[in-house]
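Residue numbers (our numbering): 569 to 697. Glycine included, each C-beta is placed from N, C-alpha and C at the ideal position. Just so we're clear, the structure is a prediction, and the values are computed from it rather than from any experiment. Below is one structure; the comments refer to it alone.
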């Protein structure tokens, strides 16, 4: 089970700078942010996202940075009942197979864009001849 490495890197950076951020189901004995993330991933199931808790403004900034630098869709959720004022981010967790498929799709899209770019260059060259 894993999360996008760029998302993980951004999350570690923010957790070091902001002590109010926490991860649901993380081992309380984990000392550094990376250990907390790994313990939460190990604990969670593949169909449940990694849940990051914190104040709404910090989570919105974190989400914006993650979505700008990656292709992940990260959702902001709200608590229910007593926790209705609480916000959290939901970061998708992938199995090894899902992660490999996601990377293959991404590589195929990049290849398609490169082919399209070169075809457009060829068409532009023909216009000038």
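Practice item. Classify residue 608 as buried or exposed, calling it buried when 16 or more other Cβ atoms lie within 10 Å of its own Cβ. Key: Within the chain shown, the letter at position 40 stands for residue 608. By the Cβ-count criterion, residue 608 is buried, with 16 or more other Cβ atoms from all chains shown falling within 10 Å of its own Cβ.
Check your understanding: Using 8 Å as the threshold, is the stretch 666-677 in touch with the stretch 578-594, meaning 3 or more CB pairs across them?
Key -> Segments in contact, no.
**Study point:** Under the three-state DSSP convention, the category residue 630 falls into
**Key:** The sequence position of residue 630 within the chain shown is 62, counting from 1. It is helical.
Point to revise | Integer Cβ distance of residue 582 from residue 630, believed to fall under 8 Å | key: Translated into the one-based positions of the chain shown, residue 582 becomes position 14. Translated into the one-based positions of the chain shown, residue 630 becomes position 62. Going by Cβ atoms, the distance from residue 582 to residue 630 rounds to 5 Å, so yes, they are a contact pair.
Review point. Pick from 586, 596, 590, 618: whose alpha carbon is nearest that of residue 572?
Key: Within the chain shown, residue 572 is the residue found at index 4, counting from 1. Shortest Cα-Cα distance from residue 572 to any of 586, 596, 590, 618 involves 618.
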